[in-house]
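Undergrad:
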Amino acid sequence: YKRIVLASRPHGEVTPDNFRLEEQPMPQLQEGQLLVRNHFLSLDPYMRGRMEETKSYAAPQPLNETMIGGTVGEVIESRHPKFAVGDKVQGMFGWSEIGVSDGALLRKLDTSRIPLSAYLGAVGMPGMTAWYGLTQIMKPKAGETIVVSAASGAVGSVVGQLAKERGCRAVGIAGGAEKCRYVVEELGFDACVDYKAGNLQDDLAKATPDGIDAVFENVGGGGFDACLARMNPFGRIALCGLIAGYNGEPMALHNVRAFLTMRLTLQGFIVSEHMDLWPQGLQELGGLVASGKLKFRESVAQGLESAPDAFMGLLKGRNFGKQLVKLV
Ligand code: NDP
Numbered sequence: 004y005k006r007i008v009l010a011s012r013p014h015g016e017v018t019p020d021n022f023r024l025e026e027q028p029m030p031q032l033q034e035g036q037l038l039v040r041n042h043f044l045s046l047d048p049y050m051r052g053r054m055e056e057t058k059s060y061a062a063p064q065p066l067n068e069t070m071i072g073g074t075v076g077e078v079i080e081s082r083h084p085k086f087a088v089g090d091k092v093q094g095m096f097g098w099s100e101i102g103v104s105d106g107a108l109l110r111k112l113d114t115s116r117i118p119l120s121a122y123l124g125a126v127g128m129p130g131m132t133a134w135y136g137l138t139q140i141m142k143p144k145a146g147e148t149i150v151v152s153a154a155s156g157a158v159g160s161v162v163g164q165l166a167k168e169r170g171c172r173a174v175g176i177a178g179g180a181e182k183c184r185y186v187v188e189e190l191g192f193d194a195c196v197d198y199k200a201g202n203l204q205d206d207l208a209k210a211t212p213d214g215i216d217a218v219f220e221n222v223g224g225g226g227f228d229a230c231l232a233r234m235n236p237f238g239r240i241a242l243c244g245l246i247a248g249y250n251g252e253p254m255a256l257h258n259v260r261a262f263l264t265m266r267l268t269l270q271g272f273i274v275s276e277h278m279d280l281w282p283q284g285l286q287e288l289g290g291l292v293a294s295g296k297l298k299f300r301e302s303v304a305q306g307l308e309s310a311p312d313a314f315m316g317l318l319k320g321r322n323f324g325k326q327l328v329k330l331v
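In terms of full-length UniProt numbering, the sequence shown is residues 4 to 331.
#1: Just curious, the alpha helix (DSSP H) that residue 236 is in, first and last residue?
#2: DSSP beta-bridge partners for residue 40?
#3: Residue 289: which of 53, 118, 8, 95 sits nearest, CA to CA?
#4: Do residue 243 and the ligand NDP come close, with the Cβ less than 7 Å from some heavy atom?
#5: Which residue comes first and which comes last in the beta strand (DSSP E) that contains residue 301?
#6: If you measure from the CB of residue 114, is any heavy atom of the ligand NDP nearer than 7 Å?
#7: Check for me: the alpha helix (DSSP H) holding residue 182 runs from which residue to which?
#8: Examine the Cβ distances between the segment 275-283 and the segment 97-107 and report whether three or more of them are shorter than 8 Å.
#9: Please confirm whether any heavy atom of the ligand NDP lies closer than 7 Å to the CB of residue 299.
#10: Taking the beta carbon of residue 111 as the centre, do at least 16 other beta carbons fall within 10 Å, making it buried, or is it exposed?
#11: Which of the three DSSP states is assigned to residue 23 in this structure?
#12: Inspect the beta-carbon positions of residue 102 and residue 94 and report whether they are closer than 8 Å.
#13: Just to confirm, are residue 203 and residue 225 a CB contact at a threshold of 8 Å?
#14: Indicate the three-state DSSP secondary structure (helix, strand or coil) for residue 289 in the structure shown.
#15: If you draw a straight line from the alpha carbon of residue 10 to that of residue 164, how long is it in whole angstroms?
#16: State the DSSP-derived secondary structure class of residue 204, mapped to helix, strand or coil.
#17: When you measure from the CB of residue 155 to every non-hydrogen atom of the ligand NDP, does any distance come out below 7 Å?
#18: Using a Cβ-Cβ cut-off of 8 Å, state whether residue 173 counts as contacting chain D.
#19: Where DSSP assigns a beta bridge to residue 45, which residues make up the other side?
#20: Using a Cβ-Cβ cutoff of less than 6 Å, which residues in the same chain neighbour residue 229 once the five nearest sequence positions on both sides are dropped?
#21: Using the rule of at least 16 other Cβ atoms within 10 Å of the residue's Cβ for burial, across every protein chain shown, is residue 33 buried or exposed?
#22: For the segment 126-133 against the segment 248-266, do three or more pairs of beta-carbon atoms, one drawn from each stretch, fall closer than 8 Å, so that the two count as touching?
#23: Sort out for me which residues DSSP pairs residue 110 with in a bridge.
#24: Please report the residue range of the beta strand (DSSP E) in which residue 159 lies.
#25: Following a CB-centred definition, is residue 305 positioned closer than 7 Å to any heavy atom of the ligand NDP?
#26: Leaving out the 5 sequence neighbours to the left and right, which residues in its chain are closer than 7 Å to residue 293 when beta-carbon positions are compared?
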């Protein structure tokens, strides 16, 4: 079977030679183990951080080992009492066509009402990230205005829809007219500002006539700065990601004074540190996806070989919705 390992660490932008495709012999199962054929691999921005050796919230990805990553797939062989051939499961098997497990950290999935791939998106880690930041940090009340950046993406798309469910005015920031149209027309946001159109501050002001009460920040840089200038007193900011700086780009903020004058609260968070809340969040997200109320979109790259290019695209906004790699 095929897998992709981290061959070298990037300096600045990720390049194809940071990865290496390898052939591996099929593993022989021990008693208590099971074998999974991965159907989808999730590509996520956090992987960029793991490729580096700098101090962060998690240890770096070791060189010459399978790239880390969430997967969903099907049990194809089992010597484990609790898993049978044909079971659909979610695991962390990484950039690999095959995974071996002792069952720990493996979740059985019900695909009767929720598509398998959604467990890597709206009903998985990205959805849970949106749910956590919105309900635990932004805590918006009906009638308030919230803004979310990378609004068409896996996390951002869920943030805005959950905010609409709670009676808020939801405003997105996204790159390009097509993504913005999708955010308003398909996802039901009240407005979406195209930061590439060149009038970010004016467009954001028009989209937030009553100011901003809470921000879900995914990007950093100019969009975040423009939001600070529009914050209402006692506004809340859930700092989820800073993707505009993941290659080491400097990020200046001019409107820092708003923290003082508007008495703002900013809270960074890492969703995997709040596993106690996942059952509650995933139940709400699963119900909304099963009933068709929560919409999502996927960019699907074909075959493990396409993973490095799709990942580099994700870090440049080439994806449109949750970035996946289809392996089967
Ligand atoms: P997305 O599906 O939103 O894809 C990434 C998007 O980011 C791109 O489509 C693009 O959207 C935007 N983007 C990429 N590069 C740049 C850039 N240089 N400048 C501005 N925008 C850029 O990814 P996710 O939904 O998976 O992740 C969104 C954010 O959430 C990331 O910052 C990620 O690190 C963070 N995150 C944090 C977690 C936590 O626990 N704190 C957990 C999960 C995710 P556009 O074309 O609109 O610019």
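We put the CB at the ideal spot given by N, CA and C, even for glycine.
TA: Taking the coordinates as given:
#1: Run containing residue 236: none in the alpha helix (DSSP H); it sits in the beta strand (DSSP E), 234-242.
#2: 77, 101
#3: 118
#4: yes
#5: 301-305
#6: no
#7: 180-188
#8: no
#9: no
#10: Counting Cβ neighbours within 10 Å, residue 111 comes out exposed, since fewer than 16 surround it.
#11: Residue 23 falls in the strand class under three-state DSSP.
#12: Yes; because the gap between Cβ atoms is below 8 Å, this pair is in contact.
#13: Yes, these two residues count as a Cβ contact at 8 Å.
#14: helix
#15: 39 Å
#16: helix
#17: yes
#18: Structure shown: chain D not included; a single protein chain is present.
#19: 327
#20: 203, 204, 207
#21: exposed
#22: no
#23: 93
#24: Not the beta strand (DSSP E): residue 159 falls in the alpha helix (DSSP H), residues 157-168.
#25: no
#26: Hits under 7 Å: 116, 117.
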